[in-house]
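**Q**
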Amino acid sequence: MNQNETNVNISKEDRKKWQPIEKVGLVLFILFLACIFFAHKQFSGAFNAMFERAYKMFEFYLFGASMLGATIVVSIMTGRVLERLGFTDALMRIFLPVMKYINVNAAVVVGIIYNILGDVNAAGKIAGPVVKKAGCTRDEQKIAIATLTNAPASFSIIVLGIIALSTAGINPLPVMLVGIFLPIILVPAFLKLFWRDTHAAEIEDLPRFTPDTGVMDLIFGSAREGVTTVLTLILPAGCAVFAIIGLLEYFGIWGVVTTAIGSVLQVIGIEPTTGLQTITVAGTLAAKTLGTMVSPATAEAAEGALYAALADPGVKKLIIGSFILANSSFPIQVPLGQIPAVWTGVVDLSTREIMTSALIGCLIRLIYAAIIANLFGLIL
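Position 247, counted from 1, in the sequence shown is what the numbering used here calls 696; the numbers after and before it change by one each time, with no gaps.
(1) Just the Cα atoms here: how many angstroms apart are residue 816 and residue 483?
(2) Measure the C-alpha to C-alpha separation of residue 581 and residue 590 and round it to an integer number of angstroms.
(3) Is residue 647 closer than 9 Å to residue 586 when the C-beta atoms are compared?
(4) Can you find the residues in the same chain that come closer than 7 Å, C-beta to C-beta, to residue 611, ignoring five residues on each side of it along the sequence?
(5) Going by Cα to Cα distance, which pick from 604, 473 and 499 is closest to residue 694?
(6) Assuming contact is defined by CB atoms lying nearer than 9 Å, are residue 641 and residue 607 in contact in what I supplied?
(7) Have a look at residue 509 and residue 501 and give me their C-alpha separation to the nearest angstrom.
(8) Apart from the five residues on each side of it in sequence, which residues of its chain come closer than 6 Å, Cβ to Cβ, to residue 767?
(9) Nearest-angstrom Cα distance between residue 750 and residue 614?
(10) Helix, strand or coil: which one does DSSP assign to residue 799?
(11) Find out if the Cβ-Cβ distance for the pair residue 718, residue 823 is shorter than 9 Å.
(12) Excluding the 5 residues flanking residue 625 on each side, which residues of the same chain have their C-beta closer than 8 Å to its C-beta?
(13) Which one of 675, 665, 518 and 743 has the shortest CA to CA distance from residue 619?
(14) The alpha helix (DSSP H) spanning residue 726 covers which residue range?
(15) In three-state DSSP terms, what is residue 818?
(16) Under 6 Å Cβ to Cβ from residue 632, same chain only, skipping five residues before and after it: list those, please.
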């Protein structure tokens, strides 16, 4: 009997045995039948909850008034135009000396810059290939993703946040400098302590990142890229995460989670209502809500109580913390779904590594928002 016949015999014998995963499947089948006969209302209700929550992604990106899908398409178009006009190469030259000082490839900051200017998904589509082309190590690719999450997922968050800060009597300039621009350098320098396989790049060792795409190909190609990103990457990833959240909501678990998060935010110095909106819904909504909370009209409706409270440094501290947190890659479906969907296959990292890096970046942002809020609270 040759080796091939032996392998065939072993394979057939092995196939007759129950594998552990098959036993798991049998248990699930029995539970499935039990649900149909004894808990069909709960079973169908859980499915409907998952469906309704997942459909929110279509409302956000395709059918709703927010028009986020069109925003992403325009953001990617804008990013590609900037790239074609030498913006990426200019960024490399500007940040090369700083990143060289901390011994990190300057390409790790490309994503966060594009994120500040446009959209987290557009930033990933542009920065991912740049990071790979620049020769970043696996650790530097992780740093790039984690750094990316410390910038606003939409430029509108910055605008709405500045309005809210000004209305509350807070000078937005120092908050912007410390909350949005300083992390471009601080986050890579901090993460280098843990992801140590880094090296400074010399300009002569890097390729040029400005493409030679024609004008019409650039415009229509980037628009097509934006639509493809929304339909094939963002929607599936977001629906998957939202479906899980819908299931947790149906069984009452998600409410407990959000209540706990709100309590923690209050303690660490972040306005809980808008902070919770940032983490679970969208930073744009949080920035809008923050503006509403500090507006004179709202204060008058509350007989001036909130407007008077704005003189309290403790209240201003909460507003600043909420603003800095809103300017991040939260809500949670972004690091769990959208970033892995955009970056997977573009860099050398697995989906799990990409997701872990994004979550670490979001956690850093949460801690950073609390620290800066409390520091500003001491000087206001």
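Heads up, the beta-carbon is just placed ideally off N, CA and C, and yes, glycines get one too. All of these numbers come straight from a predicted model, not from anything done at the bench.
**A** Let me spell this out:
(1) The alpha-carbon atoms of residue 816 and residue 483 are separated by roughly 45 Å.
(2) 8 Å
(3) yes
(4) 621
(5) 499
(6) It is not a contact, given that the beta carbons lie outside the stated cut-off.
(7) Taking the Cα positions, residue 509 is about 13 Å away from residue 501.
(8) Within the same chain, and ignoring the five residues on either side of residue 767 in sequence, the residues whose Cβ sits closer than 6 Å to its Cβ are 720.
(9) The pLDDT assigned to residue 750 is 41, lower than 50, so where the model puts this residue is not dependable; a value taken from the coordinates is nonetheless given after this. Straight-line Cα distance between these residues: approximately 20 Å.
(10) DSSP places residue 799 in coil when its eight states are reduced to three.
(11) yes
(12) 607 and 611
(13) 743
(14) Counting along the chain, the alpha helix (DSSP H) containing residue 726 begins and ends at 721 to 729.
(15) Here residue 818 sits in helix by DSSP.
(16) 599
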